[in-house]
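Protein chains in written order, with the working numbering: chain A, 737 to 947; chain B, 2 to 1117.
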Amino acid sequence: MNITKEEIENRIALYALISRLMMTEVDAEFLKSIESNEEVLNLFPNYKEWGKRKEFNSSILKERYLDVDFTNLFLLHLVPYETFYTRDDQMIESGGENPLMNLYDALDFRVELSKARVISPDHIGVELEFMYMLCDALKKAFEANDEGGVEELLLVQQGFLRDHLLNWAPMFLINMKKESRTALYHDGAELALEFMLSDYEYVCEQLEALA
Amino acid sequence: MVKKMNNENSSFFESRRSFLKGTTYTVAGAVVAKGVFSTIVDTPLMAEETKFTSTPENLLFYPPHSEWDSFKELDGQDWKRGGTGRNDGIKTEDNPDGIKATEYMLVPTACSNCEASCGLTAWVDIGKYKETKNPKDLMVRKYMGNPLHAGSRGRNCAKGYAAQSQMYDPDRIPFPLRRAPGSKRGEGKWVRSSWDDAMKEIGTKIHDTLKSGDEFSKKTIMYQVGRPNENGFGPRVPQSLGVDGWNSHTNICSAGAREGTIQWTNDDRNSPDWSNAKLIFLQSSHAADAGHYFQQAAGRIADARKKGAKLVVMDPRLSNSAGMADLWVPCWPGTETALYLYLANRILNEKGINGEDLVNHNFVKNWVNWEQLMTNKEYLALLVEKKYIKAVPQGESYEDFIKMISEMYTPYTLDFVVKECRVEARIVEKLYEMFIDAGARVATYIWRAGPIAHRGGWMIARAGFLPFVLRGAMAGDKGGVSLHHWHVISVNGKGQAATVSGENPPKVDAWSELAWPPEYPLSTYEMSHLLPHMLLDDEWRAKWKKKGLNIADKLSVYVPRMYNPVWINPDGFRWIEAMKREDKIELSFNLSPTWSETNWYCDYILPVGLAGERHDQHSEATQPSRWLSFRQPALRVALEKMGWKPKHPARGTLEAHMAAGLGEVWEEVEFWANLMTDYVDPDGKLGVRKYWASKEDPSRAVSIAEWYQAAFDNLPNLKAAAAANPKYKNSKYPNYEMLRDLGTWLEEDNIYKPQERPLKKEGDSYIAHGHKYEVSEVEKDQFGTLMVEHHGEKKAIGIEVDGEIVEGFHTLSRKLEFFSEWFAEWKWPEYAVPIYPTNKEDRKKMIHLVTQVHHDFMEKGNEFALNTVFRLPYNIHTRSVNSKHLMEISQNHNPVWINTDDAKRLNIKQGDAIKVTITDTLSGLESGYFIAMAVPTEATMPGVLANSHHAGRWKLKNAVEIPGFSHKLGVMGLGAPLYDMTMDGKIGTLKPKQGLDAGMMERRDTWQFKEFNKDLDNIWWDGLSGSWQNAVAPSHPDPIAGNHAWHQKVTIEPAGEEDQIGDIYVNYENNMKVYQEWRDKLTRPLNSSDTLRRPKHMKRTGPAISDIGYSVKITD
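Pasting the structure below:
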């Protein structure tokens, strides 16, 4: 296998990071996890240089700027749900007929919608967290030297990216980048999109190598 | 490579970063990730044969109506966690780990929070009751919409769904409360009463008052209604007593709009066809955001926008509606008239892009009363004298009329409007373009904000309709503006056929000056915000007594009904003074579902029901159709459908609520019928009993089924449908039972241009207003209006237009009245056409049309107009105070919005406490101040502050002891913080003492409905950021419409060290003087030349009044 543990752990970290960013409003702990790691902070270059970040503490940043932006981007003006982008009538499928629900069920995962505070399981934050879960599972298979398991998980990841995330999230993320009013979400949109695209290539390359 | 923000040329694809190689992100995924996934518990697969669908097809899902009496649904917690795809079947004895399925009965009812009457279904959990037969096992698990409701279409706003949290209010008043013997009003000492004991004392007092039979007996009982949310029952109460004892809240709500609309149409409000409009033109956020019918209106407006309609919102505040509009027109509050007349000017004086006239001559010529104006030379001469026009026109033709008004509106230029309204020229021009582009398909609802908030606010409505008339948008046609009475059903008070008398009570031979004082003969309607002032102003009453009016010095019985006048009216301390005076108000009781500031000063608090706890027929004009809601007590209906019967057939709602553990919660229809029959007039000697006793069993009050069977008989289509339906046709009460199942009815749809309907004719008689007039009795006047003699008075019944005899509008001329002749005759000739002053000198002369917050009055840098009239979409003035759901989102929070430039100039920052001092611009008197939190924002125009009159609740005790009750009874624990109050007859103050969170935590043992309210330990709001600003404001009534002109001139400064947000300081002695000055300097009271109290054709709410009541003789 060409895959390294470092790569898997980086994938885990990045999916965790971007899923968390898009799921709920930031909190001090989450901001600290960005601030305290230069490598991570470098992923948010405009945020890194953002005057307001230097001017205000995290609670003021959150209250006056970041939460306002989050509300605009994820609750009010944009619709971060796959079915909104994929259904002709642009309705969010919020019940058990949501294709993502069936997919998670089939793979033995259950989404706690009330914890996520989203209305259906095809929210971008949930889908990205699902990738995080799959990467976490990949790490376990990798550590157990289970090549079959690794391949299967990569195939699931490839399929999930191809059939779901990449099928709609770029449109959302481009909108998000345009609509964002803070450096954090602007950079977050760009990071998520670039990372997903590169990650898809990465997964495909690994599968080719395994074939 | 990193791209700069806002670099439009950047591409996501140009250079991919390498994310995985050569770096390590020391982020612990498990810590950062939200963790919303869990593994699935081991559950067997769902049985294939199940009736449960995994999910509704869409969010508007409702079960088929045939299943409403028994519908099973999976428990919500499990459903939302995974859908039925992963659940095996249902929890049963054999399968204890299955998902719980709840058996519901869906009882249709209607929301009772705002006035829209959106349909609801109460989902009553009946499963356990079916096993135990214990009514206490019934519970309403949720309120959803009613998909059968033509107005609301299964949808609701937050307030509708919150009906459940109002029902299971932790501080719900569980039984009638009586002021403790020996205590004073306002001491907060209460004892428990039974309904019968309360009714005995109240009934005896009413009986003894009526018994004397003199003039005062007919005007000292007052029933004052907040938002009625029903059609016609309330006024029947005083009418059956033979008293002029009705009082309503319209003068703090809508009087200005009503006055202006009546002058055009003799209807008091319009009714837009939002769905089919090309332009939605909103004045204020009211229609789409927070006010009348907003949930229904917003849905229709969204439908129109989906079809391409544009939205314009004119409002000094960037409301939710304005925020999503195509054009926001921030106009200086109170100057909207100028903008409307500017539109009229351009419509009259310009041409369309193809050179065509912009005036819809076909409509204006046929349907505007221009002939009446052009033939009235005396009045035309007055227009010249007033310099509205240069000379009396030579001719009397339509063309002469158009020419004349084209000249009259020429001064309303772009330059003038930009200065007067302080709107940018580009916005004004854009508004005009959009208005013209939409043709006759412009819909509006002129109601709150402008018309209610200002002196002369009524002229905003009057002028507002002018451009609509000129463009033909007032024709009642598709996508335009219709009128309220065309689209509403009113039968709630028409159950007389079920009573012993079989008839309506006769007209009342009295006139209550305390509701209809002689200074305001054209008010719309009762001057209720002045009630305490009038009661306490001995000089004023003495003056009128000398002139021959027998004004009552006191009220023997005062009955607010779901109304909180102490808190919502201006000058609240004056209200408290009056409420406390037992020599002025001898007995008072509030029919109230919740605690309120007013209740605190009453003798009795009688708990009545909310949305799913009462009967009402309710209809509103929300679209071009006539629909009704039938509000019902859900627990009672569920019980009765499952075989339960009340012991007393006319007390079913009370008995059901007691049986089901909701408390001794009743409803007005049964209460009044029982009170009148058994306590006010038990032997029938007063002649009242027969209007309330059951025809079927005269020994008791009329029952709900009897009353509504008779009331719904007045609706031919409903009656026919019930009679034809096999399910009901053999029933004793088919109408009632059908509506009990449906909760709503659409009597007539697609009502357009009813003024063009041929006047009904049978043989040789015309039929109008329920009367027959022989053709030979009907005279046609010179303008084509068909006149008849009716009880000695001339009355218009129809009009000839283009050779056809049609119904026409509701006015005296049967046309839309550009010239309001009767208004001129009633002492206001200079304002009988739409007009507005164009310079400072004229603004002084025409003071009645100029807002008290005009920018003329703002001289110093810290002086502002305070915009007070906007609702919060998740609150209703009073009754939502203790809904945990609604309070969580409102938190009693009510900051003062200030434009960022103003804030910067005055060095005011977000969250700063500021002192807001109110000064009257007529008298120059200062009213006091309130301390509020400042929020600098672009969302209010410069110079205008915003602070909704919708928040700032208070209480003086956190809970009260009720002897014999198992624990203390909490008082508005979720919405009203605790305050200290002082008042000495001149100065009143409030100071906050304890927040909501602390107050609730210290009395956890008092929370009622414990299971439902177990989450109250999660209250995270203290409610201490609002102020009771209403109390600081003086009552200053518009001299014509009578509306309290809500907006205030204020000065602001930083709060002092001792000041706290929530503090208020009120000089209510000054406030009395302010009111008196507005009254004495601005009104044109009745005098010896008058023979009537008020124009008879003009709507007068409450009981019908006889000629005796209307007549007046005043000695100067």
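By construction, the Cβ of each residue, glycine as well, lies at the ideal position given by its N, Cα and C atoms.
Please state whether DSSP places residue i in a helix, a strand or coil.
{"i": "B/PHE1010", "result": "coil"}
{"i": "B/LYS143", "result": "strand"}
{"i": "B/VAL419", "result": "helix"}
{"i": "B/ARG301", "result": "helix"}
{"i": "B/ILE806", "result": "strand"}
{"i": "B/GLY161", "result": "helix"}
{"i": "B/LYS585", "result": "coil"}
{"i": "B/ILE403", "result": "helix"}
{"i": "A/GLU829", "result": "coil"}
{"i": "A/TRP786", "result": "coil"}
{"i": "B/VAL32", "result": "helix"}
{"i": "A/ILE748", "result": "helix"}
{"i": "B/MET20", "result": "As written in the sequence, residue 20 of chain B is Phe, which differs from the Met given in the question. Coil at B/PHE20, not helix or strand."}
{"i": "B/VAL429", "result": "helix"}
{"i": "B/ASN959", "result": "coil"}
{"i": "A/ARG952", "result": "This structure cannot speak to residue 952 of chain A, because chain A is shown only from 737 to 947."}
Taking residue i as part of the alpha helix (DSSP H), name the residues at either end of that continuous run.
{"i": "B/ASP539", "result": "539 to 547"}
{"i": "B/TRP827", "result": "Neither: B/TRP827 is in no alpha helix (DSSP H) and is coded neither H nor E."}
{"i": "B/LEU121", "result": "Not the alpha helix (DSSP H): B/LEU121 falls in the beta strand (DSSP E), residues 120 to 126."}
{"i": "B/ARG179", "result": "No alpha helix (DSSP H) contains B/ARG179, which is instead part of the beta strand (DSSP E) from 178 to 180."}
{"i": "A/PHE766", "result": "764 to 771"}
{"i": "B/TRP898", "result": "Taken as a continuous stretch (DSSP letters only), B/TRP898 belongs to no alpha helix (DSSP H), being part of the beta strand (DSSP E) at 897 to 900."}
{"i": "A/PHE820", "result": "818 to 822"}
{"i": "B/GLY989", "result": "Note, B/GLY989: premise wrong, no alpha helix (DSSP H); beta strand (DSSP E) at 988 to 995."}
From what residue to what residue does the beta strand (DSSP E) around residue i run?
{"i": "B/ALA935", "result": "927 to 938"}
{"i": "B/GLU1054", "result": "1049 to 1055"}
{"i": "B/ALA914", "result": "914 to 920"}
{"i": "B/ASN868", "result": "864 to 868"}
Please report the straight-line C-alpha distance between residue i and residue j, rounded to a whole angstrom.
{"i": "B/LEU523", "j": "B/ALA117", "result": "27 Å"}
{"i": "B/ASP782", "j": "B/ASP245", "result": "35 Å"}
{"i": "B/PRO1096", "j": "B/TRP823", "result": "8 Å"}
{"i": "B/GLY30", "j": "A/PHE931", "result": "16 Å"}
{"i": "B/GLU778", "j": "B/LEU817", "result": "25 Å"}
{"i": "B/ARG1085", "j": "B/TRP829", "result": "8 Å"}
{"i": "B/LEU139", "j": "A/PHE878", "result": "56 Å"}
{"i": "A/GLY895", "j": "B/VAL32", "result": "27 Å"}
{"i": "A/ARG756", "j": "A/ASP763", "result": "10 Å"}
{"i": "B/PHE810", "j": "B/TYR980", "result": "52 Å"}
{"i": "A/GLU883", "j": "A/ASN738", "result": "11 Å"}
{"i": "A/ARG846", "j": "A/TYR840", "result": "6 Å"}
{"i": "B/SER732", "j": "B/ALA711", "result": "14 Å"}
{"i": "B/VAL897", "j": "B/ARG906", "result": "16 Å"}
{"i": "B/PRO45", "j": "A/LEU843", "result": "Unreliable positioning characterises B/PRO45 in this predicted model, as indicated by a pLDDT of 32, which lies under 50. The coordinate reading is nonetheless provided below. Approximately 15 Å between the Cα atoms of the pair."}
{"i": "B/ASN232", "j": "B/ALA622", "result": "12 Å"}
{"i": "B/LEU471", "j": "B/ILE428", "result": "21 Å"}
Less than 8 Å between the CB atoms is what I'm expecting for residue i and residue j, so what's the real figure, rounded?
{"i": "B/SER630", "j": "B/HIS150", "result": "7 Å"}
> Just by C-beta distance, which residues in the stretch 890 to 916 of chain B are closer than 7 Å to chain A?
Replying inline: none
>> At a CB distance below 8 Å, what residues from the stretch 23 to 35 of chain B approach chain A? Give them in sequence order.
In response: THR24, THR25, TYR26, THR27, VAL28, ALA29, GLY30, ALA31, VAL32, VAL33, ALA34 and LYS35
> If you measure beta-carbon to beta-carbon, which residues of the stretch 753 to 767 of chain A are closer than 7 Å to chain B?
Replying inline: LEU753, SER755, ARG756, MET759, THR760 and PHE766
>> Which residues of the stretch 867 to 887 of chain A have a Cβ closer than 9 Å to any Cβ of chain B? Give them in chain order.
In response: TYR868, MET869, CYS871 and ASP872
>> To be precise: take each residue of the stretch 919 to 934 of chain A, compare its Cβ to all Cβ atoms of chain B, and keep it if any distance is under 8 Å. Which residues remain?
In response: ALA919, HIS922, GLU926, LEU929, GLU930, PHE931, LEU933 and SER934
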